[in-house]
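Trainee:
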Amino acid sequence: MAKVGRITLGSQGLKVSAQGLGCMGMSAQYGPPKPDEEMIKLIHHAVYSGVTLFDTSDIYGPHTNEILLGKALKGEIREKVELATKFGVTADEKMEVRGDPAFVRAACEASLKRLDIDCIDLYYLHRIDTRVPIEITVAVKLHEYNSFLADSTIVSLVFCYLFLNKLFASVPDLFLVIRKMAELKKLVEEGKIKYVGLCEASPATIRRAHAVLPITAVQLEWSLWSRDVEEEIVPTCRELGIGIVAYSPLGRGFFSSGLKIVDSISNDDFRKHLPRFQPENLEHNKTMFERVNEMAAKKGCTSGQLALAWVHHQGKDVCPIPGTTKMENFNQNIGALSVKLSPEEMAELESIASADAVKGDRYGGSVPTWMDSDTPPLSSWKAE
Numbered sequence: 000m001a002k003v004g005r006i007t008l009g010s011q012g013l014k015v016s017a018q019g020l021g022c023m024g025m026s027a028q029y030g031p032p033k034p035d036e037e038m039i040k041l042i043h044h045a046v047y048s049g050v051t052l053f054d055t056s057d058i059y060g061p062h063t064n065e066i067l068l069g070k071a072l073k074g075e076i077r078e079k080v081e082l083a084t085k086f087g088v089t090a091d092e093k094m095e096v097r098g099d100p101a102f103v104r105a106a107c108e109a110s111l112k113r114l115d116i117d118c119i120d121l122y123y124l125h126r127i128d129t130r131v132p133i134e135i136t137v138a139v140k141l142h143e144y145n146s147f148l149a150d151s152t153i154v155s156l157v158f159c160y161l162f163l164n165k166l167f168a169s170v171p172d173l174f175l176v177i178r179k180m181a182e183l184k185k186l187v188e189e190g191k192i193k194y195v196g197l198c199e200a201s202p203a204t205i206r207r208a209h210a211v212l213p214i215t216a217v218q219l220e221w222s223l224w225s226r227d228v229e230e231e232i233v234p235t236c237r238e239l240g241i242g243i244v245a246y247s248p249l250g251r252g253f254f255s256s257g258l259k260i261v262d263s264i265s266n267d268d269f270r271k272h273l274p275r276f277q278p279e280n281l282e283h284n285k286t287m288f289e290r291v292n293e294m295a296a297k298k299g300c301t302s303g304q305l306a307l308a309w310v311h312h313q314g315k316d317v318c319p320i321p322g323t324t325k326m327e328n329f330n331q332n333i334g335a336l337s338v339k340l341s342p343e344e345m346a347e348l349e350s351i352a353s354a355d356a357v358k359g360d361r362y363g364g365s366v367p368t369w370m371d372s373d374t375p376p377l378s379s380w381k382a383e
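Residues in the sequence shown are numbered from 0 upward in steps of one, following numbering that gives the first Met the number 0.
1) Going along the chain, which residues of its own chain have a beta-carbon closer than 6 Å to the beta-carbon of L329, five neighbours each way excluded?
2) Leaving aside the five residues before and after P274 along the sequence, list all residues of the same chain whose C-beta is less than 7 Å from its C-beta, in chain order.
3) Starting from T136, follow the alpha helix (DSSP H) in both directions and report where the run begins and ends.
4) Report yes or no: do three or more beta-carbon pairs, one from the segment 54-61 and one from the segment 25-39, lie closer than 8 Å?
5) Could you give the distance in angstroms between the alpha-carbon of I243 and the alpha-carbon of R77?
6) With a CB to CB cut of under 8 Å and the five nearest residues on each side skipped, what residues in its chain are close to H43?
7) Excluding the 5 residues preceding and the 5 following L202 in the sequence, name in chain order all residues of the same chain whose CB lies nearer than 7 Å to its CB.
8) Would you say K14 and V46 are within 9 Å of each other, going by their C-beta atoms?
9) Cα separation between R237 and L223?
10) Using a Cβ distance threshold of 8 Å, determine whether the segment 190-202 contacts the segment 276-295, with at least three qualifying pairs required.
11) Tell me, please, which residues DSSP counts as bridged to C198.
12) When you compare each of T129, A210 and L121 to V187 by their alpha carbons, which one comes out closest?
13) How would you write the range of the beta strand (DSSP E) that V244 sits in, first residue to last?
14) Could you pull out every residue in the same chain whose Cβ sits closer than 8 Å to the Cβ of F53, ignoring the five residues on either side in sequence?
15) Counting along the chain, where does the alpha helix (DSSP H) carrying Y47 start and finish?
16) Taking C-beta to C-beta, are I241 and H209 nearer than 9 Å?
17) Beta-carbon within less than 7 Å of G30's beta-carbon, same chain only, minus the 5 sequence neighbours each way: which residues are those?
18) If you compare alpha carbons, which of I133, R226, A216 and A105 is closest to S379?
19) Between which two residues does the alpha helix (DSSP H) containing D54 stretch?
20) Checking 9 Å against the spacing of the C-beta atoms, do V291 and L348 come in under that value?
21) Check for me: the alpha helix (DSSP H) holding S263 runs from which residue to which?
22) Please state the DSSP three-state secondary structure of G9.
23) Give the DSSP bridge partners of V88, in chain order.
24) At what residues does the beta strand (DSSP E) containing I119 begin and finish?
25) Hey, out of S56, K297, G257 and K271, whose CA is closest to H125's CA?
26) With H, G and I counted as helix, E and B as strand and the rest as coil, what does DSSP make of G322?
27) Taking Cβ to Cβ, would you say A245 is nearer than 9 Å to L219?
28) Please state if the CB of A354 and the CB of R226 are separated by a distance shorter than 9 Å.
29) Taking R113 as the reference, which of S263, P319, I333 and N64 has the closest Cα?
30) Run through DSSP, which three-state label would V15 get?
31) Whole-angstrom Cβ separation of V131 and T374, contact assumed at under 8 Å?
32) Using 8 Å for Cβ pairs, my map puts A1 next to C318. What's the rounded Cβ distance?
33) Ordered along the chain, which non-local residues of its own chain (more than five positions away) have a Cβ less than 7 Å from that of G9?
34) Look at the Cβ atom of R336, then the Cβ atom of G4, and state whether they are nearer than 9 Å.
35) Specify the secondary structure class of V317 as computed by DSSP and reduced to three states.
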């Protein structure tokens, strides 16, 4: 089995395995929940194989995926891993996106309890609440902010940010930012979170959040058939020293199975409703799979390994987190780390994965994405 190396994710000091494990499908979205005993064995196998970054969310299940990870990563094994979870979507029928400070704190404390831990290694805002300025979602109200004012570095950073972006008209707005600094920052100070991340965030939202609280990682969908992030989001992250966590790097299983994936999708699998998996679009998209599969055969690897290797070759600041519920698939995914691609092969894959090669949106408007993630200016927020 390929050796799983370590990378530094972002510029804040977080070290993780070069490939992580997305755990959503163990409990939700991809058909019925899988037996806990089997999934715990898979998680332990992942750790012993060198994978240490595990990705979950409070909305997966909802809640049951966090509980599963809590069971699997008890005791000494907890010290060997980096546990990432997310908040920001309510678990009721409304599935409402929320980023107000009270919700941030309640969500974090509930996740800590379900995971049975004292501190979350990487805590993401799962989706952006576009009703709340991003500074408020990541901000904390410091009751004793006079000492905070003494930190000239932070004050200068905030002031320069406000000035350069021309978001505010007067100096009082600066003090509003200071008084309402990160709710997530407060949780970091309390030792409940080590690092903070964003999911599906636009370049502008990333910049605004990072200006008031250093963002360690941005999680985004990045694969051969989801490359829209390359134009602005990836360069923004690299400019700011933010790590990139690529979810669905296998196109939700498409690059592993091709058209055969249709036969394995049950009625309660959410892919059944995604535009790219509709029969008329799959018929078009199969050409991409066939070309990737043909290239993989020449290299002596699987189509999934080739597609995953392409993501790995995007840079040392990128950590893909393919998900699976099967040991065999996990081992194949690890094998992608041994697949080396020349510049010519990278160029060939990118020509295969051109914008017109894919038919159908990622979500079809049913789920918010980075395109819907810009938030109001901080000056619009009425402090409580």
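Glycine is no exception: its CB is placed at the ideal position from the N, C-alpha and C atoms.
Mentor: Let's see:
1) A small correction: the amino acid at residue 329 is Phe; Leu does not occupy that position in the sequence shown. The beta carbon of F329 is closer than 6 Å to those of T323 in its chain, skipping five residues each way along the sequence.
2) Cβ within range, chain order: N280, G359, D360 and G363.
3) I133 to T136 is the extent of the alpha helix (DSSP H) around T136.
4) Yes, since at least three Cβ pairs between the segment 54-61 and the segment 25-39 fall closer than 8 Å, the two stretches touch.
5) Rounded to whole angstroms, I243 to R77 spans 23 Å at the Cα level.
6) Excluding residues within five positions, the ones whose Cβ falls inside 8 Å are A71 and I76.
7) Correcting the residue identity first, residue 202 is Pro in this sequence and not Leu. These residues qualify, in order along the chain: E231, I232 and T235.
8) No. Outside cutoff.
9) C-alpha separation (whole angstroms): 20 Å.
10) Between the segment 190-202 and the segment 276-295, the count of C-beta pairs closer than 8 Å stays below three; the two stretches do not touch.
11) Q218.
12) The candidate whose alpha carbon is nearest that of V187 is L121.
13) Here the beta strand (DSSP E) through V244 covers G242 to Y246.
14) Result list for F53: G19, L20, C22, I42, A45, L68, L72, V80, E81, L82 and A83, in chain order.
15) That run of the alpha helix (DSSP H) goes D35 to S48.
16) Inclusion of I241 and H209 in the CB contact set at 9 Å is warranted, their separation being smaller than that value.
17) Result list for G30: S265, D267 and D268, in chain order.
18) Nearest of I133, R226, A216 and A105 to S379, Cα basis: I133.
19) Unbroken run through D54 is the beta strand (DSSP E), L52 to D54; no alpha helix (DSSP H).
20) Yes; because the gap between Cβ atoms is below 9 Å, this pair is in contact.
21) Counted as a single uninterrupted DSSP element, the alpha helix (DSSP H) harbouring S263 occupies residues I260 to S263.
22) Correct three-state label for G9: coil.
23) According to DSSP, V88 bridges with V96.
24) For I119, the uninterrupted beta strand (DSSP E) run begins and ends at I119 to L124, by DSSP.
25) Of the candidates S56, K297, G257 and K271, S56 places its Cα closest to the Cα of H125.
26) It is a strand residue.
27) Contact: yes.
28) At a Cβ-Cβ threshold of 9 Å, R226 and A354 count as neighbours.
29) Ranking the options by Cα distance to R113, first place goes to N64.
30) V15 carries a strand assignment under DSSP once its states are collapsed to helix, strand and coil.
31) Cβ-Cβ separation between V131 and T374: approximately 6 Å, consistent with a contact (criterion under 8 Å).
32) Wrong, their Cβ atoms sit about 15 Å apart, outside the cutoff.
33) Cβ neighbours of G9 within its own chain (closer than 7 Å, five residues either side excluded): T215, A216, G240, I241 and G242.
34) For the record, residue 336 in the displayed sequence is Leu; it is not Arg. The answer is yes: Cβ separation under 9 Å.
35) The answer is strand: DSSP assigns V317 an E or B state.
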